[in-house]
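One structure is given below, encoded as structure tokens.
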Amino acid sequence: MNKERRIQQQSPVEAEIPLLPQEILVEILSRLPVKSLCQFRCVSKQWLSLMSDPLLAKSHLKKTVSNDCFYSQRKRVIISSHNLYSLEYESIGRNGSFDENLVALELDYPLKDKPNGLAELLDSARDGFLYCERSEEGNDEFPVMVKLNLPFCVNQRNWVDILGSCNGLVCIAPDEDTLFLFNPSTRESKRIPDPPSGFVPNGWSFYGFGYDFVNDDYKVVKVGCGTVCVYSLRTDSWRIVCSFPYVDNVSESGVLLNGTIHWMVSFEDGVDCRCVVAAFSLEEEVFSDMPAPDIVNTSFEFVVGVLNGCLCVLHSRNQMHNDFWVMTEYGVGKSWTKLTLSLSYICMKPLCLAQNREALLDVDGKLLLYNLEDDSYKYLVVDGIPAGDGFEADTYLETLVSPNGFCRT
């Protein structure tokens, strides 16, 4: 009896990691989905330490990008519409079936529940209406109360800007001039500090985000008022690197390809204004010019995209268009190839090739699959996202890469 009592009083034995060589253990774990690995963190302190090991994160990422099966399983579409949502890549166009709607998963992200200014305005409503004072003919002494019927279906959350995605980290701006690096799979995030005062004056800014392979560093590029500064995750600091050598009228975030961030820009060439694709190397932190398609004569009406590892140039505003250009050989101007679509668009963003090798496109705030061989297309219905708000989309990989896993050097 006393023996049984002593056994019951013993503390539970902490689960131990199997006695395997480190490389074998990492090889096994790198084949598992992120969701399972995150659950392992709760097993014991040993497992928590292993799951947080940058070596495992790098091995898991390498396995993801080098194995087509893992890449397909771990790819996701991230959608912003006054909220962030995730969509499984494998469920899009699987076997050509559209019998069932796609289902989006709502994500938790930094500042998600921070109300915008509209929330405070709605809090002051009475009886379903808002009241404000208005002076008539400049008479401030006797203001008139005006009743406003403001629709309460207006979303009270801030719009979340998606500034870029790389290796499972997504650079987002859930509030004005407030940047985070966010891993939607592990829910880890890091607030990017504001640049020191004087780095980039107040005014319109645009961004780019990507990975510097040589220096093993994730970088955010901010351009504003003719100044280019770079944030390094490894040093957790900003630096001014150069002046922006182009006309400062860019309106979209840069597009990452081959360790380089690209924007459609223009610059004054004597008396003429010429359009090029500005390519900013994350390793060398310098700009180079890439030729744009001959049709591009004003950078403000075109944007850069990526489809199946190729640089694209697309129309971005003002009128309906049914074409875009693909650079079939990176950096070679003569390789620009025009593609004509069977639908028209104002703004379009290529996202990826789906399971059946059809192009997944964000067209004027709607998702569709486009077959580039027979020019057929199908709009996708996504459950879980409020209708009528529109959205922007990007892709990301499910990885263990941590925005907090880099040390100062």
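Heads up: the sequence shown begins at 1 in the UniProt record's numbering, then just goes up one per residue. We treat Cβ as the ideally placed atom computed from N, Cα and C, and that holds for glycine. Just so you know, these numbers come straight off a predicted model, no measurement behind them.
Item, Value
"Relative to the ligand GDP, is the shortest distance from any of its heavy atoms to the C-beta of Ser266 smaller than 7 Å?", "Absent from the structure shown: the ligand GDP. Ligands present: none."
"So what does DSSP say about Lys35, is it helix, strand or coil?", "helix"
"Between the Cα of Lys334 and those of Leu341, Trp325, Thr340, Ser342, spot the shortest distance and give me the residue it belongs to.", "Trp325"
"Is it a yes or a no for the region 203 to 220 touching the region 232 to 239, going by three-plus beta-carbon pairs under 8 Å?", "yes"
"Could you give the DSSP three-state label for Ala278: helix, strand or coil?", "strand"
"Ignore the nearest five residues each way along the sequence and tell me which others in Gly365's own chain have a CB closer than 7 Å to its CB.", "Gly390, Phe391"
"So Pro102 and Leu380 are supposed to be a Cβ contact under 8 Å. How far apart are they, rounded?", "The residue asked about is misnamed: residue 102 is Leu in this sequence, not Pro. Right, the Cβ-Cβ distance comes to about 6 Å (below 8 Å), so this counts as a contact."
"Once the 5 residues before and after Thr409 are set aside, which same chain residues still bring their CB inside 7 Å of it?", "In this prediction, Thr409 has a pLDDT of 39, which is less than 50 and means its spatial position is unreliable; what the coordinates show is noted afterwards. Closer than 7 Å at Cβ, skipping near neighbours: Arg234, Thr235."
"Using a C-beta cutoff of 8 Å, does Asp216 count as contacting chain B?", "The structure shown contains no chain B, having only a single protein chain."
"Go ahead and pull the three-state DSSP assignment for Ala292.", "coil"
"By how many angstroms is the C-alpha of Glu398 removed from the C-alpha of Tyr377?", "28 Å"
"Our contact map puts Leu169 next to Asp212 with C-beta atoms below 8 Å; I'd like the distance itself, whole angstroms only.", "That pair is no contact at about 13 Å."
"What residue does the beta strand (DSSP E) around Thr186 start on, and which one ends it?", "Thr186 -> no beta strand (DSSP E), and no H or E assigned at all."
"Just to confirm, is the Cβ distance from Phe199 to Thr227 under 8 Å?", "yes"
"Where does Arg76 land, buried or exposed, given buried means 16+ other C-beta within 10 angstroms?", "buried"
"With respect to the beta strand (DSSP E) encompassing Arg76, which residues constitute its N-terminal and C-terminal limits?", "75 to 80"
"Quick one: Cα of Lys58 to Cα of Asp272, how far?", "48 Å"
"Given this structure, state the Cα-to-Cα distance separating Leu20 from Trp47, to the nearest angstrom.", "14 Å"
"Can you check which of these residues, Leu32, Glu284, Leu361, is closest to Leu314 by C-alpha distance?", "Leu361"
"I need the DSSP call for Pro195, collapsed to helix, strand or coil.", "coil"
"Take the Cβ of Thr186 as the centre, count every other Cβ of all protein chains shown within 10 Å, and call the residue buried at 16 or more, exposed below.", "buried"
"Hey, Pro195 and Pro110: beta-carbon distance below 8 Å or not?", "no"
"Give a yes or no on whether the C-beta atoms belonging to Leu367 and Val34 are separated by under 8 Å.", "no"
"CB-CB under 8 Å to Val277, same chain, minus the five flanking residues each way: which ones, in chain order?", "His262, Trp263, Met264, Val265, Asp289, Met290, Pro291, Ala292, Val304, Leu311, Val313"
"So who's on the other strand from Met327, going by DSSP bridges?", "Leu311, Trp336"
"Helix, strand or coil for Pro115, going by three-state DSSP, please let me know.", "strand"
"Just how far apart, CA to CA, sit Gly254 and Gly164?", "8 Å"
"Return yes when the Cβ of Glu329 is within less than 8 Å of the Cβ of Arg317, no when it is not.", "no"
"Have a look at the DSSP bridge pairing and note the partners of Leu84.", "Ser80"
"Using a Cβ-Cβ cut-off of 8 Å (strictly less than) and excluding sequence neighbours within five positions of Thr340, which residues of its own chain qualify?", "Asn322, Asp323"
"Quick one: Cα of Gly259 to Cα of Asp216, how far?", "11 Å"
"Helix or strand or just coil, what does DSSP make of Pro403?", "coil"
"How should Asn95 be labelled, buried or exposed, when 16 other C-beta atoms within 10 angstroms of its C-beta is the threshold for buried?", "Confidence in Asn95 is poor, its pLDDT being 49 and thus under 50, which makes the residue's placement too unreliable to answer from."
"Where does the unbroken beta strand (DSSP E) through Ser59 begin, and where does it stop?", "Here Ser59 belongs to no beta strand (DSSP E); instead the alpha helix (DSSP H) covers 54 to 66."
"Please name the residue in Gly388, Ser243, Glu252 whose C-alpha comes closest to that of Glu285.", "Ser243"
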